[in-house]
Amino acid sequence: MAAPLVLVVLVAVTVRAVLYRSSLAAFISERVEVASPLNAWKRVVEGLALLDLGVSPYSGAIFHETPLIIYLFHFLIEYAELVFMITDVLTAVALYLAIQDFNKVVFKKQKLLIELDKYAPDAAELIRTPMEMHYIPLKVALFYLLNPYTVMSCVAKSTCAINNTVIAFFILATIKGSAFLSAVFLALATYQSLYPLTLFAPALLYLLQRQFIPIKLKSKSFWLYTMQYAALYLCSLVVIICLSFFLLNSWDFIPSVYGFILSVPDLTPNIGLFWYFFAEMFEHFSLFFVCVFQINVFFYTIPLAIKLKEHPVFFMFVQIAIISIFKSYPTVGDIALYMAFLPVWSHLYRFLRNIFILSCVIIVCSLLFPVLWHLWIYAGSANSNFYYAITLTFNIGQILLISDYFYAFLRREYYLTHGLHLTRQDGTEAMLVLK
Amino acid sequence: MLAALLLLLLLAAGPGRAGAGRARRDALREELLLSPLPAGDVAATFQFRTRWDADLQRGAVSHYRLFPKALGRLVSALGVRELHLALTQGFWRTRAWGQPPLQAPAGAELWVWFQPTVTDVDKAWKELSNILSGIFCASLNFIDSTNTVTPTASFKPLGLANGTDHHLLRYAVLPREVVCTENLTPWKKLLPCGSKAGLAVLLKAERLFHSSYHSQAVHIRPVCRDASCLAVSWELRQTLTVVFDTFSSGQGKKDWSLFKMFSRTLTDACPLASQSKVYVDISPKNKEKELMEVTPPPASLHEAIVQGDKRTYAVYDLLSPSLFNTSRSLNVQLKWKRPQDSSELPTPILHAQRYVSGYGLQTGEISTLIYNTHPYRAFPVILLETVPWYLRLYVHTLTIITKGKENKPSYIHYQPAQDRRRPHLLEMLIQLPANSVTKITIQFERALLKWTEYTPDPNHGFYVSSSVLSALVPSVIAMKDVDVEQSPLFTSLFPSSDGSSYFVRLYTEPLLVNLPTPDFSMPYNVICLTCTVVAVCYGSFYNLLTRTFHVEEPSRGGLAKRLANIIRKFRGVPPL
Chain U
1 MAAPLVLVVL VAVTVRAVLY RSSLAAFISE RVEVASPLNA WKRVVEGLAL LDLGVSPYSG
61 AIFHETPLII YLFHFLIEYA ELVFMITDVL TAVALYLAIQ DFNKVVFKKQ KLLIELDKYA
121 PDAAELIRTP MEMHYIPLKV ALFYLLNPYT VMSCVAKSTC AINNTVIAFF ILATIKGSAF
181 LSAVFLALAT YQSLYPLTLF APALLYLLQR QFIPIKLKSK SFWLYTMQYA ALYLCSLVVI
241 ICLSFFLLNS WDFIPSVYGF ILSVPDLTPN IGLFWYFFAE MFEHFSLFFV CVFQINVFFY
301 TIPLAIKLKE HPVFFMFVQI AIISIFKSYP TVGDIALYMA FLPVWSHLYR FLRNIFILSC
361 VIIVCSLLFP VLWHLWIYAG SANSNFYYAI TLTFNIGQIL LISDYFYAFL RREYYLTHGL
421 HLTRQDGTEA MLVLK
Chain W
1 MLAALLLLLL LAAGPGRAGA GRARRDALRE ELLLSPLPAG DVAATFQFRT RWDADLQRGA
61 VSHYRLFPKA LGRLVSALGV RELHLALTQG FWRTRAWGQP PLQAPAGAEL WVWFQPTVTD
121 VDKAWKELSN ILSGIFCASL NFIDSTNTVT PTASFKPLGL ANGTDHHLLR YAVLPREVVC
181 TENLTPWKKL LPCGSKAGLA VLLKAERLFH SSYHSQAVHI RPVCRDASCL AVSWELRQTL
241 TVVFDTFSSG QGKKDWSLFK MFSRTLTDAC PLASQSKVYV DISPKNKEKE LMEVTPPPAS
301 LHEAIVQGDK RTYAVYDLLS PSLFNTSRSL NVQLKWKRPQ DSSELPTPIL HAQRYVSGYG
361 LQTGEISTLI YNTHPYRAFP VILLETVPWY LRLYVHTLTI ITKGKENKPS YIHYQPAQDR
421 RRPHLLEMLI QLPANSVTKI TIQFERALLK WTEYTPDPNH GFYVSSSVLS ALVPSVIAMK
481 DVDVEQSPLF TSLFPSSDGS SYFVRLYTEP LLVNLPTPDF SMPYNVICLT CTVVAVCYGS
541 FYNLLTRTFH VEEPSRGGLA KRLANIIRKF RGVPPL
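Residue numbers (the UniProt record's numbering), protein chains in the order written: chain U, 1 to 435; chain W, 1 to 576.
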C-alpha cells in the first residue's frame, strides 16, 4: 500500500507546486473563504514584521496567532511553501495510518460481535469484509490531499493546515492507543484554536474502550483513567502556555488569541454564521448572542457522548464537523478535514437519504462564493445579503450532510441487530421510523 | 482719632495701590497680512495677539482684562501648557499658492501639551475637548480615544518648555467637521474689541465663507516675558486665514480691494490695541518693480526674510494719526499694471500630495508623494500618519522609494491600532535628497463595521485625516533671529533654531475611503435566518439523539387517507 500512497502524495505536491508558481496563488491568498483573520498568512508576515520593528505583535488587532507560530516561522519564513506542503503530506500520512489501524479495530470488533451472535441472521450483507476495507485508508489520504479545499488552503498558506496536522496526529495517537501522545497533541490543538477541547470526550471514550474499561459512572477504574488522561491533557496545556509566555515575556497573547476567538470583534466576512449576525446585532444583545453561539459549539458533546459511546471514532467525526461549521472564523481548510473521513463511512451509502441534493448544494455554493463576493465588493451590483445567503445555504448543506450520515449510521446499527428484512406482525413489509 | 482715620484710609488704599502696582500688564497687537498669491488669489491672514504678563498656573487669577476669561480658566483648571485649535474649511493648495504661513488640516485639529503636574492626561484631554466644544460651538466632543494619538516626534512645543515628555501631548483631528458662521461668532467674541472696532470689523461671515480656504485658529502658549526669560507670560494668538478667488469674482481682473473682498473698509483701530497694522505683500517678482500699484500709498515699507525669501511689505499703521487724514476709512486697493505672467509659478521647496488607490471594497493602498524641489540641498522630513482602526494597515507592505531606489527611514515609530479603541500611528523620519520625489505606499484592508457604527450616510465614505509633514527647510538667504516684540506677527509664529532654515508644517489632503456596508434594513431578518440555521442543526441532532428506530405500527389512517379510500372505491381502484 505504500506505493499508491507515494503516488498520491507526489501528485498532490505537484499540483500545489504548480499553483504556487502561477498567478492564482495571489488570488487564492486574498479569498476570505480560505483565509480568515485567525489564520491568514498575510497576518503572520505582519506579526513578524511588527516584531522586527520592536512592537509586540499582540499590541494591535492584526495578529491572532499563538506564540509558537511566531517561534516556528521566525526561522522557517523563507521555506514557507515547503512547510505547508509538508504539513499537508504529514496530515494525509497520519490519517492513512490512523484509518488503517481503525479498520483493524473495526474488523476485530465485528468478528467478536458475530461470534457472540449479536447480529441478526439476515444482516449478512451489511457485514464488512477486509476486501472492501482495503482501499479506504488510501481513499482517505486521497480525499484529503486532492480536495480542492485543501489545495486552496495550502496555496494560500493558511495556518489552518497546521491545525489540521496537529488534529490528525492526535487522531493517530488516539487510535494507536497512546494516551500521553494523544493528550499532548490535543493540548497543542486546543492551544492553537480552542475548539478541539471538545475532542477530549471522543478520545477518552476510545481509549477507555481500547483498555476494556467499561463506561459506568460508578466504576473506579473509569474515573481513575479519566483523571489520568485529564491530568496529562491539562499539564501539557499549562506547559505549552507557560512556554509561550517566555517568548515575549507577557501574557498579551491570551486576550489576543483566545479573547479574539471567543468575543468575535472582527466582522470580516467568511463562510460562517457569526459575521453578519453580529454586524446586524443590536448592541444591547451582543454579549448574550456571543455566549449563545459559543455554547452552541460545545454543548453537543455530552449528548453525543451518551448516544455514541460505543462508536467513538464516529463521534469524533461528528464533533470535528460541528466545530468546523460553528466555530467563530471557519474556513474551507476546516471543512477539508472532516470531509477526509467520508470514505471511512462509505458503507453507509445505501442509507443516505439526500446525498445527491446535498452534494449539489455544497458544490454550487462553493462555486457561488467567489462570484457573489465579486459582485458585492468589486462590481457593486449586489450587496452583502447575497453573500450572506450563500453562507446560510452552504452551512445548511453541511449540517444536513452530517445529520444524514448520522442517520445512516444509526439506521445501519438498527438493521445489524434487528435484521434487514423487517416484517410487521401480519407479515407485510415494515417501514422504519424515528420515534 | 484723625491719625487713626488716616491710617485706616492708608491701609484701605494700600492694597489697592499695591494691587495697581502689581496689575497684570496685557497688550494686544492686531495685524492683517494681505498677500497676492501666484495663481491670482489673495490670501488675507488676520492675527490678534494678546500677551498677558501673568502666571496662569500659579496663583488664582481673577481679574481678566484683554485675555478672555473662558480660555484663561481653561488653562489654569486643566493644567494646559500649550493649546492649538484650528477649524478649517478647504485645502491650501501648496503647489499653486506657495508655502502657507500657517497651515491647518481640513476639519478640526486640536493638539495640546499638558503640564507635568497633570496626573491623568486622558481625563484632562476629554474634559478639555468637551469644554472647547462648548466654547466654539464645534463638535469637538467627538474627540475620543479612537481619533487621538500621541505623536513622539512631529509636534514639539512652540512656546517655553523645559523637558518634553511626549506622554503629555495629545493630538486629534476631526476631518469631517464643517466650519461655518456658528464657529466664527464665538471666535470673534473672544477678541478684546469683538467685531466692533479695529481689524475685526472686516470679519463678516457672508464674505468670509465665500472663499476657497478659511481657517480660524486659537494658539495659547507660554512665552518669555523678556530677554532674560526669568518670568513667564501667556500669549494668545487668534489667527484667521482666508483665501479669496478674486480672479473669478472680479470679472477676469485680478485687481482687488478691501471693500471687494470683505464688503467693509477699515475705519479705526481697536482702542485696546497697542499696535494695529496692515501689511500688503508687494514683493517684486523677477526683480521688476512697478508691476503693481497699491493705493493709498503706504506710509512705510518693511522688508523681511520670510520662509527663505526676501519680501517687501507696504505698511499701514492704523494707530498713526496721519492715516485717516484724507479719508474717514481705509480701503487698501491693489491694481496690476500689466497682466501677470502666470506661467512662472514658483514651486515651493517642499510640497506633498496623498491619494488612495486600489479598486473594490476589500483592500486599498495609501500613497504619499513628497517633493523636494531644492536644487542642491537634502533635508529630512518627519511624516505623521493617523489612520482610523477600520482601515487595517499592513506595515510589512510599507515601501519608500526615492528616485527608483528604496529609501529606509532613519526613525520609525509605529503603533498598531486596536479595534474600536485607538487608531494607527505611523511616524517616520525620511531623508529627502535634493530635487527628488519620494513615494511612500502602504496597503490596507477595509473592515466591516457593526451596523450602528456607520454614519447616517455610509456610502459617502469615511475620512482619513491629513498626514502631517514637519521639516526644517533650508533657506537660500540667511535669516536673522527675530525679536518677537519688534517684528510683525507673521514672522514670529514658529521659533527658528538657526538662521539657515525655517520650520514648515504641511498637511496633505484628507482621504475619503468607502467601506463595505451591510444591509441596514435587515437586522431582524438576519437574526431570524441565522437562528433558523442553528435551529435546523439543533432539531436534526435532537431527533437523532433522543429518538430511536421503531417498526411502524399499522394505523387506520388519518382522515385524509379514509377520504382518499372512499374516492378510490368509487373509481374502482384498489385502496391505499
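Beta carbons are placed, not taken as given, at the ideal position from N, Cα and C, and that holds for glycine.
* Cross-chain neighbours of Y300 (chain U) in chain W, by beta carbon under 7 Å -> F541
query = For a contact meaning CB atoms closer than 7 Å, what does R210 (chain U) contact in chain W?
reply = Those within 7 Å of R210 (chain U) in chain W number zero; the least Cβ separation is about 25 Å.
By Cβ distance below 8 Å, which residues in the same chain neighbour Q294 (chain U) in space, the five residues on each side in sequence not counted? L262 and S328
**Report entry** Coarse secondary structure for I477 (chain W), derived from DSSP in three states
**Finding:** coil
Practice prompt. Would you mind telling me which residues of chain W sit closer than 7 Å to I406 (chain U), beta carbon to beta carbon, in chain order?
Written response: Note that residue 406 (chain U) is Phe in the sequence shown, not Ile. Ordered by position in chain W, the residues that pass the 7 Å Cβ test against F406 (chain U) are L544.
- Item | E509 (chain W) versus S465 (chain W): straight-line alpha-carbon distance, rounded | 8 Å
Alpha carbon of L28 (chain W) to alpha carbon of Y64 (chain W), nearest angstrom:
13 Å
Distance, Cα to Cα, L186 (chain U) vs F541 (chain W)? 25 Å
For L559 (chain W) and A201 (chain U), I'd like the C-alpha separation in whole angstroms. 48 Å
- What is the DSSP secondary structure of D122 (chain W), reduced to helix, strand or coil? helix
Where the stretch 336-360 of chain U meets chain W: residues whose CB sits under 8 Å from a CB there
none
ask   = So E82 (chain W) is in the beta strand (DSSP E); what residue range does that whole segment cover?
value = V80 to G90
> Rounded to the nearest angstrom, how far is the Cβ of residue 598 (chain W) from that of T241 (chain W), given a contact under 8 Å?
Replying inline: In the structure displayed, chain W extends from 1 to 576; residue 598 (chain W) sits before or after that span and is not available.
Handout entry: Any chain W beta carbon closer than 7 Å to Y233 (chain U)
Key = no
- Query: What does P416 (chain W) reach in chain U if we use C-beta pairs closer than 8 Å?
  - Reply: L50, V55, S59, G60, A61 and I62
TODO: At 8 Å on the CB atoms, spell out the chain U contacts of P523 (chain W), in chain order.
DONE: E280, M281 and F282
| query | Quick one: what does DSSP say A304 (chain W) is sitting in, helix, strand or coil? | reply | strand
Nearest to M428 (chain W) (by Cα), restricted to the options W:L56, W:S154, W:T119 and W:K69: W:S154
*Tell me L393 (chain W)'s beta-bridge partners as DSSP assigns them.*
W:F444
Same chain, Cβ closer than 7 Å to M479 (chain W), five either side skipped, listed in chain order: I305, S496, G499 and Y502
**Asked** Taking just the CA atoms, how far does V112 (chain W) sit from K188 (chain W)?
**Response** 22 Å
* Asked: If you compare alpha carbons, which of W:T438, W:P423 and W:L361 is closest to L398 (chain W)?
  -> W:T438
Query - Residue range of the unbroken beta strand (DSSP E) whose run includes C242 (chain U) - result: Run containing C242 (chain U): none in the beta strand (DSSP E); it sits in the alpha helix (DSSP H), K220 to L248.
### Task
Starting from the N-terminal side, write out each stretch of the alpha helix (DSSP H) that is 4 residues or longer and does not extend beyond the stretch 306-371 of chain U.
312-326 and 332-339
*Look at the Cβ atom of L506 (chain W), then the Cβ atom of F444 (chain W), and state whether they are nearer than 7 Å.*
no
- In chain W, what lies closer than 8 Å to R411 (chain U) by C-beta? F549
>> Spatial neighbours of V32 (chain U) within its chain, please: C-beta separation below 6 Å, excluding the five flanking residues on both sides.
In response: P269 and N270
When the Cα of F136 (chain W) is compared with those of W:G98, W:T181 and W:V118, which residue comes out closest?
W:T181
Give me the chain U residues within the contact set of V356 (chain W), using Cβ-Cβ distance strictly less than 8 Å, ordered along the chain.
What V356 (chain W) touches in chain U: nothing, since even the nearest Cβ is about 16 Å away.
Any idea which residues DSSP pairs H351 (chain W) with across the strands? W:Y371
**Prompt:** Could you give the residue range of the beta strand (DSSP E) that holds A39 (chain W)?
**Reply:** Unbroken run through A39 (chain W): none, as it is neither H nor E.
Could you give the C-beta distance for T239 (chain W) and F114 (chain W), rounded to a whole number, given that I count them as a contact under 8 Å?
Not confirmed; about 23 Å, so no contact.
- Message: Suppose contacts are defined by Cβ-Cβ distances below 7 Å. Is P416 (chain W) in contact with S59 (chain U) by that definition?
- Response: yes
From the DSSP output, in three-state form, read off Y119 (chain U) for me.
coil
Within 7 Å of any Cβ in chain W, is that where the Cβ of Y387 (chain U) sits?
no
>> Measuring straight from C-alpha to C-alpha, what distance separates L232 (chain U) and L267 (chain U)?
In response: 36 Å
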